[in-house]
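Going letter by letter, the first sequence gives residues 44 to 611 in our numbering. Scroll down for the structure; my scribbles are underneath it.
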Amino acid sequence: MSTPESSHSSNFIRDLVAIDRAAGKHGGRVVTRFPPEPNGYLHIGHAKAIALNFGIAQDTPGGMCHLRFDDTNPTTEDPEYVQAIQEDVRWLGFDWRGKMFYASDYFDQLDAFAVILIRKGKAYVDSLTADEIREHRGTLTEPGRDSPFRTRSIEDNLDLFARMRAGEFADGVHVLRAKIDMGSPNINLRDPILYRIRHASHYRTGTAWCIYPSYDFAHPLSDAIEGITHSLCTLEFEDHRPLYDWVVAETGAPHRPQQIEFARLNLTSTVMSKRKLLELVEKKLVTGWDDPRLPTLKGLRRRGVTPEAIRAFCEHIGVAKRDAIIEMQLLEHFIREDLNKRSPRVMAVLRPLKVVIDNYPESVVEELDAVNNPENASAGTRKVPFSRTLYIEQDDFREDPPKQFYRLAPGREVRLRYGYIIKCVSATKDPQTGAITELHCTYDVETRSGFVQEQRKVKATIHWVSAPHATQAAIRLYHPLLLPDQAKLPADQDWTRSLNPQSLELLSGCVVEPSLRSAAPGSRFQFERQGYFCVDPDSSSETLVFNRTVSLKDAWAKIEKTQQAPQR
RNA sequence: UGGGGGAUCGUCUAGCGGUAGGACGCCGGCCUUUGGAGCCGGCUACCUAGGUUCGAUUCCUAGUCCCCCAGCCA
């Protein structure tokens, strides 16, 4: 039973669902739901919930997963978000198969359920102020006290609730509360609020209503109305579960869903809370909700991350009840793994250093054959122009090469990818700054790529771009949003102080091979030896703009780092 | 000090009374016209203390530590 029969690894929720199904609970049906409030954009934490809910439905014969907008708070919600959320869920590769709902569609039914509760004496209109209600609620260690209005007659409650609904009262004057137990050790059971007055226009129902149900009332009933069998949510709702069950039972709702909680996703070196994301956007600390530094799905998409990578990540991290913080490197691993298989390779020089091949004829241009993707032979080959002057990466030359540096240095040889072995003859320096401005090299005509007669080995192969054929580009490199080891600032301190001021690195004057000239926004490439990049929508016909999705693993960077770190 | 949850390699995660497995990461090697990819090998983990049992990560007891809850947010 617990052996995985699909591509999905199991987890305790899948196990519970399988057990219920085997036992014929809910008639053997499995219906889950993803219930966002349309008050913000989705992020990778939501992706975990989406993958879980839709994944279970997908893997269960006859299983369904609904998309439901929990839009019970008119003051925070916006249709822009309902659109964006649908796009994001679809982009991730999931399909609600027409089962898209809104809690606001249930306002009539919810209202009727509230009346049922009032009639049963299980709900009452409270006329305490918000402050008074808080005072009566007690504390974590002290029980609450009954409101003086708790004993109102059913008739009065019915009348008052009708007048609340009719708009006779201002915001906050009355509230409908469940009559449960003000002494409960579970604060959620101390007569929770079911309805509040809000004279606000709802983006879907307009001004038809001026009372709105709370989450604790609307959510379980929405689940029940839709016939949800397994209502999956995050851990912080664990002690709402008794209330969830109470609402479903006391209203006599026709169906009893089961709430199951799991730990939300946390990732290192980024922020996931709605509040912090919003703050970053509003204070213009990032460029918008789709800033590629953000873990929003829009941001990840713009950065070049694929939905396949996100799904693989979600699958791998599992679902459990213990709080966990997943290392960003794990996400990066799945991004690289996916991009490695699918990305065409091209050559691009991020920080160009001009190279003149002194013994190469000036007027000649050769078209060299380059492999598009060594992981995928069917991707074929392309021609890359080679000429006497070209650009290589500044990092690929060292005037005074350290140990284990295999690249170019005075008197040293290196292979130009798909081309010749060249030897560095001299380096020209800026007399002012001492910076290397130009390299002079010679090439060995015998060593052209593909010529078999000579099998000379060199330690390194470097990428390059022919100078006269180069296409200009701007490239954006992204670094962690947060400074390392700053995750735990004192709570009273401004968290934005832990932001990495260098999270965005803008490179201009980059050069890329000419095959990229007309690359479309969104297209992804591996820049050989550098990383995975995608064309940003900011690209224009004049300037190509690339985002680095993720770097390639860099063995030399590691060596260099350990060389610099003195032994202890 | 109320209630609800949770503790397994550095980080995630499996385990359901019978040699603690996998992934990421890290270290080393092989291979390589990407210091990429791939391949091979290695890496001080069951919170503590008792108990039950032939045998405990698993069951029991008592602790310890961590997370959540006092919105008319979700």
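By construction, the Cβ of each residue, glycine as well, lies at the ideal position given by its N, Cα and C atoms.
Whole-number beta carbon distance between P78 and Y255, since they are thought to touch under 8 Å:
Against the first sequence, residue 255 aligns to sequence position 212. Against the first sequence, residue 78 aligns to sequence position 35. A Cβ-Cβ separation of about 16 Å leaves Y255 out of contact with P78 under the 8 Å criterion.
Given a cut-off of 8 Å on the beta-carbon distance, is the pair E628 and T471 in contact?
The chain is shown from 44 up to 611; residue 628 falls before or after that span and cannot be answered.
Could you tell me whether the segment 141-154 touches the segment 184-197, where touching means 3 or more Cβ pairs closer than 8 Å?
No, because fewer than three Cβ pairs between the segment 141-154 and the segment 184-197 fall closer than 8 Å, the two stretches do not touch.
What are the uninterrupted segments assigned as alpha helix (DSSP H) that are 4 or more residues long and contained completely in the segment 259-318, given in chain order?
Runs of the alpha helix (DSSP H) inside the segment 259-318: 284-293.
To which residues does DSSP link T514 through a beta bridge?
The count along the first sequence starts at 1 and reaches residue 514 at position 471. Per DSSP, V555.
Touching or not, the segment 315-323 and the segment 185-200, by the rule of three or more beta carbon pairs under 8 Å?
Inter-segment contact for the segment 315-323 and the segment 185-200 is absent: fewer than three beta-carbon pairs are separated by less than 8 Å.
Can you confirm whether the segment 128-139 touches the segment 225-236 when touching is taken to mean that 3 or more C-beta pairs between the two stretches lie within less than 8 Å?
Taking a cut-off of 8 Å on C-beta distances, the segment 225-236 does not touch the segment 128-139, as fewer than three cross pairs fall below it.
Could you work out which residue in G552, P564, V73, S561 is closest to Q301 when comparing CA atoms only?
The residue you call residue 301 lines up with position 258 of the first sequence. Nearest option by C-alpha distance: V73.
Suppose the cutoff is 6 Å on Cβ atoms and the five residues either side in sequence are ignored; what does the same chain contact list for R346 look like?
Here the question's residue 346 lines up with position 303 in the first sequence. The answer, listed in chain order, is P335, N590, T592.
Integer Cβ distance of F192 from D169, believed to fall under 8 Å
The residue given as residue 192 occupies position 149 in the first sequence. The residue given as residue 169 occupies position 126 in the first sequence. Contact between F192 and D169 holds, with the beta-carbon distance rounding to 5 Å and staying under 8 Å.
Residue from H298, L275, E279, F280 with nearest C-alpha to L264
What you label residue 264 is simply residue 221 of the first sequence in a count that begins at 1. Of the listed residues, the one whose Cα sits closest to L264 is H298.
Assuming T432 contacts V398 (C-beta within less than 8 Å), just tell me the rounded distance between them.
To locate residue 432, count along the first sequence from 1; it is residue 389. To locate residue 398, count along the first sequence from 1; it is residue 355. Sure, about 7 Å apart at Cβ, within 8 Å.
Thinking V508 and V392 are a contact (beta carbons under 8 Å), I'd like their distance in whole angstroms, please.
By one-based count along the first sequence, residue 508 stands at place 465. By one-based count along the first sequence, residue 392 stands at place 349. Right, their Cβ atoms sit about 5 Å apart.
Bridge partner(s) assigned by DSSP for R425
Counted from its first residue, the first sequence places residue 425 at position 382. DSSP lists A413 as partners of R425.
Starting from the C-beta of T294, find all residues in its chain whose C-beta is less than 7 Å away, skip the five residues before and the five after it, and write them out in chain order.
The count along the first sequence starts at 1 and reaches residue 294 at position 251. In chain order, F156, I159, L160, L264 place their CB closer than 7 Å to the CB of T294, counting only its own chain and leaving out the 5 sequence neighbours on each side.
Could you tell me which residues DSSP puts in a beta bridge with W507?
Indexing the first sequence from 1 puts residue 507 at position 464. In DSSP, W507 forms a bridge with I435.
So, S546 versus Y521, is the Cβ gap smaller than 8 Å?
Locating residue 546 in the first sequence gives position 503, where the first residue counts as 1. Locating residue 521 in the first sequence gives position 478, where the first residue counts as 1. Contact flag set, yes.
Bridge partner(s) assigned by DSSP for K472:
Looking up residue 472 in the first sequence gives position 429. I479, per the DSSP bridge assignment.
Between which residues of its own chain and I87 is the CB-CB distance below 6 Å, once the five residues before and five after are set aside?
Taking the first sequence and counting its residues from 1, one reaches residue 87 at position 44. Around I87: P338.
Grouping DSSP H, G and I as helix and E and B as strand, with all else coil, what is D202?
Residue 202 sits at position 159 when you count from the first residue of the first sequence. D202 carries a helical assignment under DSSP once its states are collapsed to helix, strand and coil.
Taking 8 Å as the cut-off, decide whether the C-beta atoms of P453 and E442 are in contact.
Start at 1 with the first residue of the first sequence, and residue 453 comes out as number 410. Start at 1 with the first residue of the first sequence, and residue 442 comes out as number 399. Taking C-beta atoms as the reference points, P453 and E442 count as a pair closer than 8 Å.
Buried or exposed for G423, please, with buried defined as at least 16 other CB atoms from any protein chain shown within 10 angstroms of its CB.
Position 380 of the first sequence, counted from the start, is the residue given in the question as residue 423. The residue in question, G423, is exposed, as its Cβ has fewer than 16 Cβ neighbours within 10 Å.
For R519, list the residues DSSP reports as bridge partners.
Your numbering for residue 519 matches position 476 in the first sequence. Per DSSP, the beta-bridge partners of R519 are L549, N590.
Beta-carbon separation (whole angstroms), L278 vs E304, contact threshold 8 Å:
Walking along the first sequence from the start, residue 278 turns up at place 235. Walking along the first sequence from the start, residue 304 turns up at place 261. The pair is a contact, with the Cβ atoms about 5 Å apart (cut-off 8 Å).
Which residue spans inside the segment 161-194 form an unbroken alpha helix (DSSP H) run of at least 4?
If only uninterrupted alpha helix (DSSP H) runs of at least 4 residues are considered, those enclosed by the segment 161-194 are 173-179.
From which residue to which residue does the alpha helix (DSSP H) around I353 run?
Your numbering for residue 353 matches position 310 in the first sequence. Per DSSP, I353 belongs to the alpha helix (DSSP H) from 350-360.
For the candidate residues F112, G83, N54, whose alpha-carbon lies nearest to that of Y258?
Looking up residue 258 in the first sequence gives position 215. Minimum Cα distance to Y258 is reached at F112.
If contacts are defined as beta-carbon pairs under 8 Å, then L382 and R519 qualify, I think. What distance do you get, rounded to the angstrom?
Translated into the one-based positions of the first sequence, residue 382 becomes position 339. Translated into the one-based positions of the first sequence, residue 519 becomes position 476. Wrong, their Cβ atoms sit about 17 Å apart, outside the cutoff.
Contact check, K91 vs A166 under 8 Å by CB: the rounded distance?
Looking up residue 91 in the first sequence gives position 48. Looking up residue 166 in the first sequence gives position 123. With a beta-carbon spacing of about 35 Å, K91 and A166 fall beyond the 8 Å limit used to define contacts.
Kindly indicate which three-state DSSP category L373 falls into: helix, strand or coil?
Taking the first sequence and counting its residues from 1, the one referred to as residue 373 is at position 330. Of the three classes helix, strand and coil, the one that applies to L373 here is helix, per DSSP.
Over what stretch of residues does the beta strand (DSSP E) that includes K68 continue unbroken?
Mapped onto the first sequence, residue 68 falls at position 25. K68 -> no beta strand (DSSP E), and no H or E assigned at all.
For F576, three-class secondary structure by DSSP
One-based indexing of the first sequence puts residue 576 at position 533. It is a strand residue.
Under 8 Å between C-beta atoms of L396 and Y434
Numbered from its first residue, the first sequence carries residue 396 at position 353. Numbered from its first residue, the first sequence carries residue 434 at position 391. Yes, these two residues count as a Cβ contact at 8 Å.
Straight-line CA distance for L550 to T490?
Here residue 550 refers to the residue found at position 507 when the first sequence is read from its first residue. Here residue 490 refers to the residue found at position 447 when the first sequence is read from its first residue. Approximately 33 Å between the Cα atoms of the pair.
C-beta atoms of V427 and L411 nearer than 8 Å
By 1-based counting over the first sequence, the position of residue 427 is 384. By 1-based counting over the first sequence, the position of residue 411 is 368. Against a cut-off of 8 Å, the Cβ pair of L411 and V427 comes out as a contact.
For L323, the three-state DSSP class (helix, strand or coil):
Here the question's residue 323 lines up with position 280 in the first sequence. L323: helix per DSSP, three-state reduction.
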